[in-house]
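K.L.:
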Amino acid sequence: MNDETIYSHEDTLRMLDSFFRDEGEWWDGFYADKEKGIPFFRDCPDENLVECFSGGNIAPGRVLELGCGGGRNAVYMAQQGCKVDAVDISQTAVDWGMERKAAHQVEVNFTCGNIFDLELTPGSYDLIYDSGCFHHIYPHRRASYLELLDRALTPGGYFGLTCFAAGSMGAEITDWEVYRQRRMRGGLGFTEEQLKTFFGNYENIQFRRMRQTEQSENLFGEAFLWTALFRKR
Ligand SMILES: C[S@@+](CC[C@H](N)C(=O)[O-])C[C@H]1O[C@@H](n2cnc3c(N)ncnc32)[C@H](O)[C@@H]1O
């Protein structure tokens, strides 16, 4: 019973987490069949991420990838010369990432865990990258997410994001409705204004729709996603 006593803000957040499904278990089921034709299961990096590196916006450095899934972007960043820590709540996803890093013969430090349980050294990353994780984060954890960015990024460090664009993809429900329904219905869609407000303390370097890519390009790109690059001041 003592487990259920609320002493701190973190205890309140943990109580709210408990209203929802076990994320690790759910995502393990999602990744169980790697052949099911999910676009982001293909072993190719995000087009915006490639543009950032090839266009010189981002130089190789220390990277943290949040919700790395099967590791396609983590492997790409390692190939660019980055020192990559990549975390995902699904062990099945992390195992896939390990297979890919071996196949590509690169070094990536994969960890299975919740991004909010990470023990982070302050100012230790030049880039934090999130492709498709943020729209699965429960609204009560959004402030924790921002704290994570603030703590882990070095001054002048970058935060790269791709997430559902409201009106094109993602649940069109308010944050309050998430708690009435006790589910996120596959992830939340965000407006440009919402995202620029959430990350308003950061300098916005780029904000656009992801470019829809062709299968032949070997790049991931879906036009129903926003892609954004922010910089810590
Ligand atoms: C849409 S998938 C994207 C995967 C990968 N970034 C990609 O684009 O290939 C979202 C990922 O976020 C992970 N995830 C969701 N909530 C998480 C959390 N709280 N901590 C760590 N990973 C999480 C899921 O397990 C899943 O792999």
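Residue 1 is where the sequence shown starts when you use UniProt numbering, and the numbers rise one by one after that. Note that the Cβ used here is the ideal one computed from N, Cα and C, for glycine as well. For clarity, every value in this text was computed on a predicted model and none was experimentally measured.
Mind reading off the beta-carbon distance from Y138 to M184? Whole number of angstroms is fine, and I expect it under 8 Å.
P.N.:
Locating residue 138 in the sequence shown gives position 138, counting from the first residue. Locating residue 184 in the sequence shown gives position 184, counting from the first residue. Confirmed, Cβ separation roughly 7 Å.
K.L.:
Quick check on this structure: which residue in Y129, G189, L219, A93 has the alpha carbon closest to the alpha carbon of L149?
P.N.:
Reading the sequence shown from its first residue, position 149 is the one you call residue 149. Checked all of Y129, G189, L219, A93; the closest Cα to L149 is Y129.
K.L.:
Would you say the beta carbon of A93 comes nearer than 7 Å to a heavy atom of ligand 1?
P.N.:
In the sequence shown, residue 93 corresponds to position 93, counting from 1. Result yes, Cβ under 7 Å from ligand 1.
K.L.:
Quick one: what does DSSP say Y179 is sitting in, helix, strand or coil?
P.N.:
Working through the sequence shown from its first residue, we reach residue 179 at position 179. It is helical.
K.L.:
Would you check whether ligand 3 has a heavy atom nearer than 7 Å to the C-beta of I128?
P.N.:
Ligands displayed in this structure: ligand 1; ligand 3 is not among them.
K.L.:
According to DSSP, is D43 part of a helix, a strand, or is it coil?
P.N.:
As a working mapping, residue 43 is identified with position 43 in the sequence shown. Three-state DSSP puts D43 in coil, outside helix and strand.
K.L.:
By a C-beta neighbour count over all protein chains shown, 10 Å radius and 16 as the cutoff for buried, is A59 buried or exposed?
P.N.:
The residue labelled residue 59 in the question sits at position 59 within the sequence shown. A59 is exposed by the Cβ-count criterion.
K.L.:
Any heavy atom of ligand 1 closer than 7 Å to the CB of C82?
P.N.:
For this step, residue 82 is matched to residue 82 along the sequence shown. Checking every heavy atom of ligand 1 against the Cβ of C82, none is found closer than 7 Å.
K.L.:
Whose C-alpha, out of F230, Q105, L219, is nearest the C-alpha of D46?
P.N.:
Numbered from 1 along the sequence shown, position 46 holds the residue referred to as residue 46. When only C-alpha atoms are compared, the closest one is L219.
K.L.:
Between the alpha carbons of G56 and L49, how many angstroms are there, rounded?
P.N.:
The residue given as residue 56 occupies position 56 in the sequence shown. The residue given as residue 49 occupies position 49 in the sequence shown. If you take the alpha carbons of G56 and L49, they lie about 11 Å apart.
K.L.:
Which of the three DSSP states is assigned to V50 in this structure?
P.N.:
Residue mapping note: residue 50 aligns to position 50 of the sequence shown, counting from 1. In the structure shown, V50 sits in a helix (DSSP, three-state: H, G or I).
K.L.:
Using 8 Å as the limit for Cβ to Cβ distance, is T191 near chain C?
P.N.:
Reference to chain C is not applicable here, since this structure consists of a single protein chain.
K.L.:
If I follow the unbroken beta strand (DSSP E) through Q194, where does it start and stop?
P.N.:
One-based indexing of the sequence shown puts residue 194 at position 194. Following the DSSP letters along the chain, one finds Q194 in no beta strand (DSSP E) but inside the alpha helix (DSSP H) bounded by residues 192-198.
K.L.:
Does the beta carbon of R62 fall short of 7 Å from some heavy atom of ligand 1?
P.N.:
Position 62 of the sequence shown, counted from the first residue, corresponds to residue 62. Every heavy atom of ligand 1 is 7 Å or more from the Cβ of R62, so no.
K.L.:
Using alpha carbons as the reference points, say which of V75, P122, Q80, E119 lies closest to A103.
P.N.:
Here the question's residue 103 lines up with position 103 in the sequence shown. Nearest C-alpha to A103: V75.
K.L.:
How many whole angstroms separate the CB atoms of G24 and I89, which I take to be in contact at a CB cut-off of 8 Å?
P.N.:
Position 24 of the sequence shown, counted from the start, is the residue given in the question as residue 24. Position 89 of the sequence shown, counted from the start, is the residue given in the question as residue 89. The pair is a contact, with the Cβ atoms about 5 Å apart (cut-off 8 Å).
K.L.:
Name the DSSP beta bridge partners of V63, please?
P.N.:
Sequence index remark: in the sequence shown, residue 63 carries index 63 (1-based). BP columns for V63 point to V84, L127.
K.L.:
Here's the rule: buried if 16 or more other CB atoms are within 10 angstroms of the residue's CB, otherwise exposed. What is M77?
P.N.:
Position 77 of the sequence shown, counting from 1, holds the residue named residue 77. The residue in question, M77, is buried, as its Cβ has 16 or more Cβ neighbours within 10 Å.
K.L.:
Would you kindly report the start and end of the unbroken alpha helix (DSSP H) that includes R141?
P.N.:
For the purposes of this step, residue 141 is taken as residue 141 along the sequence shown, with counting starting at 1. That residue, R141, is in no alpha helix (DSSP H); it is neither H nor E in DSSP.
K.L.:
Tell me the residue span of the beta strand (DSSP E) that contains A171.
P.N.:
Taking the first residue of the sequence shown as position 1, residue 171 is located at position 171. Per DSSP, A171 belongs to no beta strand (DSSP E) and is neither H nor E.
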